[in-house]
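These notes are about the structure you will find just below.
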Amino acid sequence: MKRSALDTIRRWALWSAPRRVVVLVVVVEIATAWFSAAIWTDSVTRADLLRFGLLVLLSVAYLEVTRQVEHRRRLFANTSGYTNMSSVWAVAGAIVLPSNLAAALAALLYAHFWLRSWRTVDGIKAHRVGYSASTVIASCLAVSAVLRVTDLTWDHTVGTIAVATGLAMLVFRIVNRGLISAAILLSSATYSPAKLFGSWQENSAEFATLALGAVTAVSLVRVPWFAVMVLPAVFLLQYHALLRDLVQAATVDGKTELLNAAAWRQLAQRELSRADRQATSTAVLVIDMDRFKHINDTYGHLAGDTALRAVADTLADELREYDAVGRFGGEEFVALLPDADTHAAANVAERLRRRIETTEILVEGRNAPGMQRVHVTASVGVASTPAKAADLDDLLRAADNALYAAKHGGRNTVCVAPTAVAA
20 MKRSALDTIR RWALWSAPRR VVVLVVVVEI ATAWFSAAIW TDSVTRADLL
70 RFGLLVLLSV AYLEVTRQVE HRRRLFANTS GYTNMSSVWA VAGAIVLPSN
120 LAAALAALLY AHFWLRSWRT VDGIKAHRVG YSASTVIASC LAVSAVLRVT
170 DLTWDHTVGT IAVATGLAML VFRIVNRGLI SAAILLSSAT YSPAKLFGSW
220 QENSAEFATL ALGAVTAVSL VRVPWFAVMV LPAVFLLQYH ALLRDLVQAA
270 TVDGKTELLN AAAWRQLAQR ELSRADRQAT STAVLVIDMD RFKHINDTYG
320 HLAGDTALRA VADTLADELR EYDAVGRFGG EEFVALLPDA DTHAAANVAE
370 RLRRRIETTE ILVEGRNAPG MQRVHVTASV GVASTPAKAA DLDDLLRAAD
420 NALYAAKHGG RNTVCVAPTA VAA
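Quick note: the sequence shown uses my numbering, first residue 20, plus one each step.
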C-alpha cells in the first residue's frame with residue numbers, strides 16, 4: 020500500500036525537534052522561497068545566462084568527479100566540522116549573476132548534491148538539507164543586495180573589484196553562519212563557541228572555498244575559460260578535507276567529539292614526557308557522571324547520549340585549549356592539565372563539578388510528549404605529579420581511586436589523591 024504525501028510529511032524528523040527549531044526552519048524556508056519568487060521576473064541578459072550555464076556545468080562536473088569523496092565526507096559529518104565545497108559556485112553566482120539566477124543556482128546545487136550523493140547516506144535528514152539550501156540562498160540574496168547598493172561594475176579598478184568581492188565573501192559568511200548558529204542555539208541547551216561560530220580550522224577551510232568562489236567570479240567576467248582552472252584547486256581542497264575528516268574519525272569519540280581513549284593516552288603520554296624534561300607538575304582529572312543509568316532507564320538511550328554531549332561540551336568550554344580532555348568509556352571522562360599542581364587541579368575540578376551541576380539539559384521524554392529539562396551531577400577524582408612525572412597508569416590509578424572515594428563520599432563531590440600516591 021502506497022504511503023500518501025501527507026503521511027510522508029507527518030513522518031518527517033523535523034517534527035520531533037524542539038518547537039522553536041521547527042519555527043525557525045519553517046520561517047527561514049518560507050521567507051527564502053517568498054523572496055526568490057518575488058525576484059524571479061528580474062531582467063536577465065544573455066551574458067547572465069551564459070555565466071549561469073557555465074557555473075552549472077562546473078558544479079556538476081565537480082560533484083560527478085568527486086561523488087565518492089563527497090559521500091565519504093558526509094559519513095563523517097556527525098563527528099567533524101563539515102565544509103561544503105558548493106560555496107565556491109554559490110559565491111561566484113552571487114557576485115556575477117542577478118539575484119534570481121543566483122538563487123536558482125544555489126537551489127540546483129543542493130538538489131544535485133541530494134540526488135547524487137547525500138540521500139544514500141544514513142543519518143542525513145531531508146529537512147536539514149533543505150534548511151542548509153535555504154541559508155545558502157539567503158546568503159546569495161544578501162550578497163546580491165549589498166553589491167547592488169555598492170553599484171559594482173566590472174569596469175571599476177582592480178582595487179575596487181577586490182574590495183567588492185571581499186565584502187561579498189564577508190556578507191555570505193556572516194549570513195550563512197548566522198542562520199546555522201541560530202539553529203544550533205535553539206536546538207541545544209549547551210553549546211560552545213566552536214560549535215556556534217566554527218573552529219579556526221573550519222573557518223580557514225570555509226575562507227578558502229569563498230576565496231576560490233571570488234576567483235571564479237572574476238574569471239567568469241574577465242576570462243571565462245579560465246574559470247575551469249579552479250576545478251583542480253577545489254579537488255585538492257576537498258581531498259585535504261577528507262584527510263582531515265579521516266584523522267578526526269580515528270582520534271575523536273563520535274558521541275562527544277572529545278578525544279577517544281587511545282588518542283588521549285597518546286597525547287597524555289607525550290605531555291608527561293615533556294613535563295619530566297622540564298621538571299613541571301601535571302595533574303589528571305577523572306570525571307564520572309553520577310547515576311547515569313537512571314537517565315537511560317528514565318528517558319532512554321538517546322537522552323543519555325544528549326547528556327553525554329552536554330557534559331562533554333561543558334568540559335571543552337571550561338578547560339584550556341591545551342588541556343587534553345577525552346572520553347574514557349561509558350560515562351567517564353578524563354582530562355590532563357599541564358603545569359597544574361594539586362591545588363590548581365582541585366580548583367579546576369570543583370569549577371567543573373559546579374558547572375556540570377548547574378547545566379540544564381533538554382531531553383525528549385519517553386512517557387511525556389515534548390522536551391524536558393534535566394540536570395546531572397558528576398564526581399571527580401584528582402591526582403597530580405610533582406616535578407618528576409609518574410607513569411601515566413600510576414597517575415590514572417591514583418585519580419581513579421580518588422574518584423572511587425568521591426563516589427562513596429556521597430557523589431557530586433571532588434576528592435584529591437595524596438601527592439605521595441601519585442608520585
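Glycine is no exception: its CB is placed at the ideal position from the N, C-alpha and C atoms. Predicted model only: the values in this text are computed from it and were never measured.
Beta-carbon contacts of residue i that lie in its chain and below 7 Å, excluding the five residues immediately before and after
i	result
K448	Not covered by the structure: residue 448. The range shown for the chain is 20 to 442.
L338	V344, A354
G428	C434
L229	S106, V110, M188, F191, R192
A252	L231
W59	N119
E494	The question about residue 494 has no answer here: the residues shown for the chain are numbered 20 through 442.
F54	L160
A424	C434
Host beta strand (DSSP E) of residue i (start-end)
i	result
E48	Per DSSP, E48 belongs to no beta strand (DSSP E); it is in the alpha helix (DSSP H), 38-57.
E369	Here E369 belongs to no beta strand (DSSP E); instead the alpha helix (DSSP H) covers 361-377.
L277	Taken as a continuous stretch (DSSP letters only), L277 belongs to no beta strand (DSSP E), as it is neither H nor E.
L355	351-357
L304	301-308
G451	Past the boundaries of the shown model lies residue 451; the chain is included only from 20 to 442, so the question cannot be answered.
F347	343-348
Span of the alpha helix (DSSP H) around residue i
i	result
R138	Element bounds for R138: n/a, residue is neither H nor E.
L68	65-84
S106	106-115
R241	219-241
G323	320-337
A421	411-427
CB-CB length for residue i against residue j, believed under 8 Å
i	j	result
D307	L422	6 Å
A364	L304	7 Å
A113	A123	Not confirmed; about 12 Å, so no contact.
V148	W133	5 Å
A269	G348	Actually they do not touch by this definition, with Cβ atoms about 17 Å apart.
S200	F226	That belief does not hold up - the Cβ atoms of S200 and F226 are roughly 17 Å apart, past 8 Å.
L73	A246	7 Å
E276	A322	Rounded, the Cβ-Cβ distance is 18 Å, inconsistent with contact.
D272	R346	4 Å
Strand pairing of residue i, partner residues [DSSP]
i	result
L381	R392
C159	None, per the DSSP bridge assignment.
S403	A302
S398	D307
V433	V399
G149	Paired residue(s): none; G149 is not in a bridge.
R289	None; R289 has no bridge partner.
V271	L278
Spatial neighbours of residue i in its chain, beta-carbon cut-off 8 Å, leaving aside the 5 residues before and after
i	result
H131	S78, V79, L82
N431	D309, R372, E376, T396, A397, S398
A380	Strictly speaking, residue 380 in this sequence is Ile, with Ala absent from that position. For I380, where only same-chain residues beyond five positions count, the Cβ hits under 8 Å are A208, T209, T325, A326, A329, R392, V393, H394, V395.
F254	Y81, V84, T85
A202	V40, L43, V44, Y150
D419	V305, G400
L239	R70, L73, L74, A111, V115, A246
Q288	L411
R135	L82, E83, R86
Any non-hydrogen atom of the ligand GTP closer than 8 Å to residue i Cβ
i	result
G349	In the structure shown, the ligand GTP is absent, as is every other ligand, since no ligand is present at all.
6 Å Cβ shell around residue i - same chain, five flanking residues per side excluded
i	result
Y258	none
T51	S153, I156, A157
L286	A343
M20	Confidence in M20 is poor, its pLDDT being 40 and thus under 50, which makes the residue's placement unreliable; the coordinate value appears in the next sentence. Excluding sequence neighbours, M20 sits near nothing in its chain.
A125	A109, V155, I156, C159
D358	T299
A439	Any answer about A439 is weak, because its pLDDT of 43 lies below 50 and its placement is not dependable; what the coordinates show is given next. Hits under 6 Å: none found.
Closer than 9 Å to chain B by CB, residue i
i	result
Y150	Within the model displayed, chain B is absent; a lone protein chain is all it includes.
For the pair the stretch 183-200 and the stretch 149-168, tell me if three or more CB-CB distances fall below 8 Å. yes
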